[in-house]
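*Asks:* First residue of the sequence shown? That's 45 in the working numbering, and the numbers climb one at a time after it.
Virtual Cβ for every residue (Gly too), placed ideally from N, Cα, C.
Note that the coordinates shown come from a computational prediction; the quantities given were computed from them, not determined experimentally.
Handing you a structure now.
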Amino acid sequence: MTPPLARPGAAAKAGKVRILLLDVDGVLSDGGITYDGEGRESKRFHVRDGHGIKMIQRAGIEVGIISGRSAEAVSVRAEELGISLVRQGVFDKVAAWREILEERGIFPGETAYVGDDVVDLPLLRQVGFAAAVADAEEYVRSAADYVSSRPGGQGAVREIVEFILRSGGLWEQVAGKYFRDGSPG
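As structure tokens, then:
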């Protein structure tokens, strides 16, 4: 596993995040797609990423999904995690992001996006805090403020969440009790 890469200024940018937007294939999942005998699609999601999403939500930061593909598995996982902001089948991710800014009344600098491939580049260049997973394409990693040590679908989102929470001074509020007495309360 390679160490994470945080470019100069990454923590300052991450500390301003009010909404975290995620790609799915290659970020929340490992990018693989499985079909059963009936042609139904399934994806594999990592439990650590789910826990990271719940932690950042507890800190008052909204989480959303912007994906180029549409899959029922994504809708199910989003519902399970309490993510109501789900945009699937999106060709123009920047346009979807602009709609979200307007709907939520937030500024570009208050948004983060995690991507892995060329379709994510335009949005990564617009958001306040751009993150990439370890196995993202090189040009995507080059455009990111932060590159995780873990690949997509294997805890990368959880790692990025911790960086955001620590940068915003929210880590102790959300995770401190685990270190003190182990209670999730």
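#1: Is the distance from the Cβ of F173 to the Cβ of A103 below 8 Å?
#2: Using the Cα positions of V120 and R88, report the straight-line distance between them to the nearest angstrom.
#3: Helix, strand or coil: how does DSSP classify V107 here?
#4: From Y157, A122, D164, pick the residue whose C-alpha is nearest to that of I63; which is it?
#5: Where does V158 fall in DSSP's three states?
#6: Run through the region 136 to 217 for me and flag every whole beta strand (DSSP E) of 3 or more residues, listed as ranges in chain order.
#7: Taking the DSSP output, what are the residues bridged to T78?
*Replies:* Considering the structure as presented:
#1: Between F173 and A103, the C-beta spacing is not below 8 Å.
#2: Those two C-alpha atoms are separated by around 12 Å.
#3: When secondary structure is reduced to three states using DSSP, V107 falls in the strand class.
#4: Closest by alpha carbon: Y157.
#5: Under the three-state reduction of DSSP, V158 is assigned to strand.
#6: Whole beta strand (DSSP E) segments, 3+ residues: 155 to 159, 173 to 176.
#7: Paired residue(s): S86.
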